[in-house]
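Numbering (the working numbering), first residue to last: 490 to 676. Here is the structure we will look at.
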Amino acid sequence: TTEIYTLSLHDALPILVLFSLLISLTSASILLGQTNKIYNKGELFQTTATVNSNIGVNGILRTYLICDGIKKQVVPISYLSIKQGTQKNMNIEFPLIDSMIGDQKGNCFVQVNFSNSLANTQSFKLSNKINLNVSLNEDRVSPQEQIILDGVAIKEDKEPVNGFITDRKSTRLNSSHIPLSRMPSSA
490 TTEIYTLSLH DALPILVLFS LLISLTSASI LLGQTNKIYN KGELFQTTAT
540 VNSNIGVNGI LRTYLICDGI KKQVVPISYL SIKQGTQKNM NIEFPLIDSM
590 IGDQKGNCFV QVNFSNSLAN TQSFKLSNKI NLNVSLNEDR VSPQEQIILD
640 GVAIKEDKEP VNGFITDRKS TRLNSSHIPL SRMPSSA
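Here it is as structure tokens:
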């Protein structure tokens with residue numbers, strides 16, 4: 490047997506309110522672009538965000554850098570207004586410098602929040618390590634002898650470091666010959 494139910498407007502109103510609340514909870518979706526596997530401090534983090542809306546929605550977009558469980562807001566918050574059935578594409582970028590992200594490093598991801606929706610980027614490593622590959626022009630040196638160090642500085646993400654190293658102290662050697670493995674560093 491088939492039963493037909495009819496609802497009065499009084500009975501249907503709570504159901505309609507609940508349905509509209511459920512729709513508003515999923516009023517926007519966020520899709521984030523690809524990220525690198527490793528970033529070094531000092532670099533520029535860049536990705537894209539696409540925010541879709543199935544109903545018109547206005548709100549605040551917030552972006553966070555989360556490293557080893559520590560959450561830090563980055564990029565100033567911005568106000569978005571998206572019309573029903575439309576999307577907004579935007580670039581999310583910020584420098585990975587101490588004044589912006591503090592001492593964050595380790596295993597990280599970026600989180601974007603908007604109108605009860607959130608999205609996370611893929612995890613990446615944020616590092617402040619620089620590898621120095623140095624060679625010496627001599628195997629043995631004498632006191633007062635000038636030596637030349639030659640080397641390359643490479644960030645953990647395999648990108649070369651821009652800049653230079655200066656000798657901040659002079660080291661005088663007290664014996665006539667010191668094996669390379671025991672030579673004090675002067676850089």
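The beta carbon of each residue, even a glycine, is placed where N, CA and C say it ideally should be.
Query                                                                                                                        : Result
Neighbourhood of PHE603 by C-beta distance below 7 Å, restricted to the same chain and skipping five residues each side      : ALA517, ILE519, VAL540, GLY548, LEU550 and LEU569
The beta strand (DSSP E) enclosing SER612, as first and last residue numbers                                                 : Per DSSP, SER612 belongs to no beta strand (DSSP E) and is neither H nor E.
Alpha helix (DSSP H) segment containing ASP587, residue limits                                                               : 587-590
Rounded straight-line distance, which links the Cα of THR575 to that of ILE527                                               : 33 Å
Whole-angstrom distance between ILE555 and ASN596, CA atom to CA atom                                                        : 8 Å
Alpha-carbon spacing of PHE583 relative to PRO649, whole angstroms                                                           : 21 Å
Cβ-based burial, THR537 [other Cβ within 10 Å; buried from 16]                                                               : exposed
Chain-order list of residues whose beta-carbon lies under 7 Å from that of LYS618 (same chain, five-residue window excluded) : GLU645
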